[in-house]
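K.L.:
Below is one structure. I have some questions about it.
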Amino acid sequence: MPARDAWTESEPRTICDLMPAGLKILLTLTTIVAAGLIPLEHWPAQGLLLAIVFAGLSLAGVTMRYLLRRLGLFLPLLLVFGLSVPAVQSGDAAWSWTISLWLRCTVSFLAGLWLIHVLPFPKLLTALRRWKCPLVLIAMLGFMYRYTFILWEELRRLRNARAARDFGRVPRWRSWTSNAQMIGLLLVRALERAERTHQAMLARGWDGSVRFLDADD
Amino acid sequence: MHIRDGILGPEVCLIAGTISLGAITYSLRRLRLDLADRAVPLTGMLAALIFAGQMVNFPLLGLPVSGHLLGGVLAAVMLGPWAGCLAITMVLTVQAVLFSDGGLLSLGANILNMAVIGSWGGYAVYSTVRRWLGNSPAATVSAAVIAAWLSVLAAAAMFCIEFTVSSRSTGIDWRGVLTLMVLYHALIGIGEALITGAIVSYVLVRRADLVPSVNSTGTASRIGGFVASGLVAALAVAAILAPFKSELPDGLDAVSQRLQFDSLEIERPALLLEDYEIPAPAVSWWPGLSVSLAGIVGTLVVFTGSVALAATTRRQLAQVRVTDGSHAGS
Amino acid sequence: MTNVEPTAIELRQLSFQYPNGRLALDAITCLVPVGERLAIVGPSGAGKSTLLMHMNGLLPAAPTNTDAEVQVFVQGQGVTRTRLRDIRREVGFLFQDPDDQLFCPTVREDVAFGPLNLGLERAEVIARVERGLAAVGMADCSTRNPAELSTGERKRVCLAGLLACQPSILVLDEPTSNLDPRARRQLLAILREFPGTLIVATHDLDFVIDLCSRVLVLESGKVQADGPTQRILSDPLIMDRHGLEVPWRLR
Numbered sequence: 001m002p003a004r005d006a007w008t009e010s011e012p013r014t015i016c017d018l019m020p021a022g023l024k025i026l027l028t029l030t031t032i033v034a035a036g037l038i039p040l041e042h043w044p045a046q047g048l049l050l051a052i053v054f055a056g057l058s059l060a061g062v063t064m065r066y067l068l069r070r071l072g073l074f075l076p077l078l079l080v081f082g083l084s085v086p087a088v089q090s091g092d093a094a095w096s097w098t099i100s101l102w103l104r105c106t107v108s109f110l111a112g113l114w115l116i117h118v119l120p121f122p123k124l125l126t127a128l129r130r131w132k133c134p135l136v137l138i139a140m141l142g143f144m145y146r147y148t149f150i151l152w153e154e155l156r157r158l159r160n161a162r163a164a165r166d167f168g169r170v171p172r173w174r175s176w177t178s179n180a181q182m183i184g185l186l187l188v189r190a191l192e193r194a195e196r197t198h199q200a201m202l203a204r205g206w207d208g209s210v211r212f213l214d215a216d217d
Numbered sequence: 218m219h220i221r222d223g224i225l226g227p228e229v230c231l232i233a234g235t236i237s238l239g240a241i242t243y244s245l246r247r248l249r250l251d252l253a254d255r256a257v258p259l260t261g262m263l264a265a266l267i268f269a270g271q272m273v274n275f276p277l278l279g280l281p282v283s284g285h286l287l288g289g290v291l292a293a294v295m296l297g298p299w300a301g302c303l304a305i306t307m308v309l310t311v312q313a314v315l316f317s318d319g320g321l322l323s324l325g326a327n328i329l330n331m332a333v334i335g336s337w338g339g340y341a342v343y344s345t346v347r348r349w350l351g352n353s354p355a356a357t358v359s360a361a362v363i364a365a366w367l368s369v370l371a372a373a374a375m376f377c378i379e380f381t382v383s384s385r386s387t388g389i390d391w392r393g394v395l396t397l398m399v400l401y402h403a404l405i406g407i408g409e410a411l412i413t414g415a416i417v418s419y420v421l422v423r424r425a426d427l428v429p430s431v432n433s434t435g436t437a438s439r440i441g442g443f444v445a446s447g448l449v450a451a452l453a454v455a456a457i458l459a460p461f462k463s464e465l466p467d468g469l470d471a472v473s474q475r476l477q478f479d480s481l482e483i484e485r486p487a488l489l490l491e492d493y494e495i496p497a498p499a500v501s502w503w504p505g506l507s508v509s510l511a512g513i514v515g516t517l518v519v520f521t522g523s524v525a526l527a528a529t530t531r532r533q534l535a536q537v538r539v540t541d542g543s544h545a546g547s
Numbered sequence: 548m549t550n551v552e553p554t555a556i557e558l559r560q561l562s563f564q565y566p567n568g569r570l571a572l573d574a575i576t577c578l579v580p581v582g583e584r585l586a587i588v589g590p591s592g593a594g595k596s597t598l599l600m601h602m603n604g605l606l607p608a609a610p611t612n613t614d615a616e617v618q619v620f621v622q623g624q625g626v627t628r629t630r631l632r633d634i635r636r637e638v639g640f641l642f643q644d645p646d647d648q649l650f651c652p653t654v655r656e657d658v659a660f661g662p663l664n665l666g667l668e669r670a671e672v673i674a675r676v677e678r679g680l681a682a683v684g685m686a687d688c689s690t691r692n693p694a695e696l697s698t699g700e701r702k703r704v705c706l707a708g709l710l711a712c713q714p715s716i717l718v719l720d721e722p723t724s725n726l727d728p729r730a731r732r733q734l735l736a737i738l739r740e741f742p743g744t745l746i747v748a749t750h751d752l753d754f755v756i757d758l759c760s761r762v763l764v765l766e767s768g769k770v771q772a773d774g775p776t777q778r779i780l781s782d783p784l785i786m787d788r789h790g791l792e793v794p795w796r797l798r
């Protein structure tokens, strides 16, 4: 779950917080598109983009440790993916494609990291509303957000209950079936809760039309 | 499975995004008709469930990586294709925007592959197979398993198409990439099929009333479902064939030229495979062989798993009937 | 014959059958005057929740269209399909699990849900939200995520959401379950301030003594006893026969 759950209107901590949500999304997408369109021959341009993204990340207050951790999870798969071309074909063309891929994917990934740091979930929902996204979808997203916490908590309880029963090592295939059963149980409980929630919504006058408190700015 | 930014070109992402947007709009409309005022709580909860379920690790034998549920077919089985598509769309969106788990620009392509093909297409296969096999719980489980396997392969094929259309550099043999992707998806597909089957089996034994029936209203939707499942199956087969076909990129090249993609290029060489390099004989056979093996082995494993899960479901249901006179099964 | 006291809720031979055929409620007749505080007690499975859900039209699942078959009357009006909206405005229902009822991403949005559905103006909605939160002592939590709140705090937010609709009747299903003693006392204080009619289904007999003046004992879908709290709860014959115990305070 994201470390920041900033529903409260706190003081802007960095300069990035002052930008409107739409601008942040636009900047990120522009960076990604630019990274996608720059050919390898113009590698200084890619380097410049990389530098810009790093600057943005430090402005947003992202720590090096976090960055390295995320890159550590992301890069290995990217490396393997890129190497699949030179593995089949030797020569400059293959390698230049691979290096170009590595560069633009890394730039794009870092741009995405910047966005998740400067755009909290509620601001995203507000931006979506402003762009005339269907209200039903926004209501469903809000629901999903709220109930993910509850389901995580239930999952944790189910795991603990199971751990209390598994005294020793469990064979792999057994843990597959019990994991599937855990999700199945979670699913049943989730749908039952959804029905009860629907009743609670009806009890408070719900008729299917979505209404929000804050008017569009 | 989640496509990252930078792998697909911006134009392809735009097209995929537009198609996905259309699919989402259509799903919303059908969902409101289907579920009316229950749409918001049920779909929101389903999305939360898929999201939470994707975090459960299924350890792979001996490997440091683990498998996860994708949930396209599971979502469609529980609440229908429209809610399934929207739930997966919401999960993908939150993952991309809040976790950077999947690209932002390629979100449209991810939605197309996993929510539209994965959930819509998966449901089409599921409903068709379930009707063929009869509506028993065992048939439901088998249908879900088969649908999950085929939909993941179809999504792989879709990715291959997207990738080939968007990557236009000269003289590059894409078979390595395509083979890797198909093998990767075949592995995921097996896991997805077995996990989905196990979950559906569990739900059927305990609360069969939660799994809706697939008796559709008219012949039109039956035919539509049949056609859609045929398309999905065709895509799935195409995925296995992708690394074989060297003339596939030519066809797509003709299409892309007709649609004037070249005009969007900035100093990119046009895609013509005249200077296509024939790789050394030593590496020419392994993509085809490995993918064929993956296809055959995968299908065998999935088939066996489907039979095993169906049998387990029947047995467990029989036990429940014995212990409790009244049973809520279908 | 005219009723001198206005009636908040009236049940006339209310019966209800579960889908599997089991009879949940068996010809229940009961009159709840305006302003009364009624407790419904009984063993588990007695049908308490089912009974409560008839009071705001959540059951039966398919309400009747005509007055002739109605068995539940709220403020003198029969609960029919066309009147459901008005009925639910009058009757606030507190569910047992606050997480079933707190479904918005923030406290503020959730409390505003009811008033927004009533079609009120934005300024009025905001005013009601603030009043509701103040009434339950949660005014400084309006932008919090419900996941961060304790069970007692969530219950209070749910209550605020109901109070914001300004109902004349509050129906509560096991309000003190999972509450620690302090949260329980807070809830008691809030409910004591409520000016309208209260109907509470609960196992918490001490809570009943503190809050309610009348007790109805339900078992097997039938009314087994109905009378003043002190008399019913201190009668060991009634208590033992219906799976209950005389509370320590009354022994």
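Chains as they are written, first to last, in our numbering: chain E, 1 to 217; chain Z, 218 to 547; chain X, 548 to 798.
Backbone N, C-alpha and C fix where the C-beta goes; we use that ideal spot for every residue, glycine too.
#1: What does Gln648 (chain X) reach in chain E if we use C-beta pairs closer than 7 Å?
#2: Is the beta carbon of Ile407 (chain Z) closer than 8 Å to that of Thr306 (chain Z)?
#3: Whole angstroms are fine: how far does the CA of Ile457 (chain Z) sit from the CA of Gly447 (chain Z)?
#4: Give me the residue from X:Ala736, X:Pro783, X:Leu696, X:Ala659 with the minimum Cα distance to Trp206 (chain E).
#5: If you draw a straight line from the alpha carbon of Glu464 (chain Z) to that of Glu154 (chain E), how long is it in whole angstroms?
#6: For the beta strand (DSSP E) holding Lys538 (chain X), just list the boundary residues, first then last.
#7: Measuring CB to CB, does Thr413 (chain Z) end up less than 8 Å from Val518 (chain Z)?
#8: Listing by chain order, which chain X residues have their CB less than 8 Å from the CB of Pro122 (chain E)?
#9: Ordered along the chain, which non-local residues of its own chain (more than five positions away) have a Cβ less than 6 Å from that of Gly790 (chain X)?
#10: Does the beta carbon of Gly142 (chain E) sit closer than 8 Å to a beta carbon anywhere in chain X?
#11: Please look up how many angstroms separate the CB atoms of Pro728 (chain X) and Leu641 (chain X), rounded, as I've assumed it's under 8 Å.
#12: Can you name the residues of chain E whose CB is closer than 7 Å to the CB of Arg424 (chain Z)?
#13: Leaving out five residues before and five after Arg70 (chain E) in sequence, what residues of the same chain have Cβ atoms less than 7 Å from its Cβ?
#14: With 16 as the cutoff for other CB atoms within 10 Å, does Val85 (chain E) come out buried or exposed?
#15: Name, please, each residue of chain E whose Cβ falls closer than 8 Å to the Cβ of Ile389 (chain Z).
#16: Would you decide whether Tyr147 (chain E) is buried or exposed? Buried here means 16 or more other CB atoms lie within 10 Å of its CB.
#17: Using the rule of at least 16 other Cβ atoms within 10 Å of the residue's Cβ for burial, across every protein chain shown, is Lys702 (chain X) buried or exposed?
#18: Work out the CA separation of Ala355 (chain Z) and Leu526 (chain Z) for me, nearest whole Å.
#19: What does Ala748 (chain X) pair with, by DSSP beta-bridge criteria?
#20: If we count the other Cβ atoms within 10 Å of its Cβ and call it buried at 16 or more, is Gly393 (chain Z) buried or exposed?
#21: Which same chain residues, not among the five before or five after Pro298 (chain Z), have their C-beta less than 7 Å away from its C-beta?
#22: Rounded to the nearest angstrom, what separates Leu631 (chain X) and Phe620 (chain X) at their Cα positions?
#23: If we ignore side chains and look at the alpha-carbon of each, how far apart do Arg424 (chain Z) and Val188 (chain E) end up?
#24: Does the Cβ of Ala497 (chain Z) have 16 or more other Cβ atoms within 10 Å, making it buried, or fewer, making it exposed?
#25: Check each residue of the region 258-289 of chain Z: if its Cβ is closer than 7 Å to any Cβ of chain E, include it; give the result in chain order.
#26: List, from N- to C-terminal side, the alpha helix (DSSP H) runs of 4 residues or more that fit wholly inside the region 22-69 of chain E.
#27: For a quick check, are the C-beta atoms of Ala203 (chain E) and Leu734 (chain X) less than 8 Å apart?
#28: Using a Cβ-Cβ cut-off of less than 9 Å, list which residues of the region 684-699 of chain X approach chain E; keep chain order.
#29: Per DSSP, Glu557 (chain X) is paired with what?
#30: Is Gly743 (chain X) close to chain E? Criterion is C-beta to C-beta, closer than 8 Å.
#31: To the nearest angstrom, report how far apart Phe478 (chain Z) and Gly61 (chain E) are at their CA atoms.
#32: So Glu766 (chain X) is in the beta strand (DSSP E); what residue range does that whole segment cover?
#33: Below 8 Å, can you find three or more Cβ-Cβ pairs linking the region 559-567 of chain X to the region 396-405 of chain Z?
#34: Hey, Leu119 (chain E) and Val53 (chain E): beta-carbon distance below 8 Å or not?
#35: With 8 Å as the C-beta to C-beta threshold (strictly closer), list the residues of the region 654-671 of chain X near chain E in chain order.
#36: Can you list, in chain order, the residues of its chain whose CB lies under 8 Å from that of Glu671 (chain X), leaving out five sequence neighbours each side?
P.N.:
In short, the structure shows the following:
#1: Ala200
#2: no
#3: 16 Å
#4: X:Ala659
#5: With a pLDDT of 44 at Glu464 (chain Z), under the threshold of 50, the modelled position of this residue cannot be trusted, and the question is left open.
#6: Here chain X comprises residues numbered 548 to 798, so residue 538 (chain X) is not present and cannot be evaluated.
#7: no
#8: Pro652, Thr653
#9: Pro590
#10: yes
#11: No, Pro728 (chain X) and Leu641 (chain X) are not in contact; Cβ-Cβ is about 19 Å, not under 8 Å.
#12: Val188
#13: Leu113
#14: buried
#15: Val85, Gln89, Ala93, Ala94, Trp97
#16: buried
#17: buried
#18: 8 Å
#19: X:Ile587, X:Asp720
#20: buried
#21: Ser336, Trp337, Tyr340
#22: 11 Å
#23: 7 Å
#24: Any reading at Ala497 (chain Z) needs caution, since the residue's pLDDT is 39, under 50, leaving its predicted position unreliable; the model's value is listed next. The residue is exposed, with fewer than 16 neighbouring Cβ atoms inside 10 Å.
#25: Pro258, Leu259, Thr260, Gly261, Met262, Ala264, Ala265, Leu266, Phe268, Ala269, Gly270, Val273, Phe275, Pro276, Leu278, Leu286
#26: 43-59
#27: no
#28: Thr690, Arg691, Asn692, Pro693, Ala694, Glu695
#29: X:Leu578, X:Phe620
#30: no
#31: Its pLDDT being 44, under 50, Phe478 (chain Z) is placed unreliably by the model, and the measurement read from it follows with that caveat. Distance between the alpha carbons of Phe478 (chain Z) and Gly61 (chain E) is about 40 Å.
#32: 761-766
#33: no
#34: no
#35: Arg655, Glu656, Ala659, Phe660, Gly661, Leu663, Asn664, Leu665, Arg669
#36: Pro662
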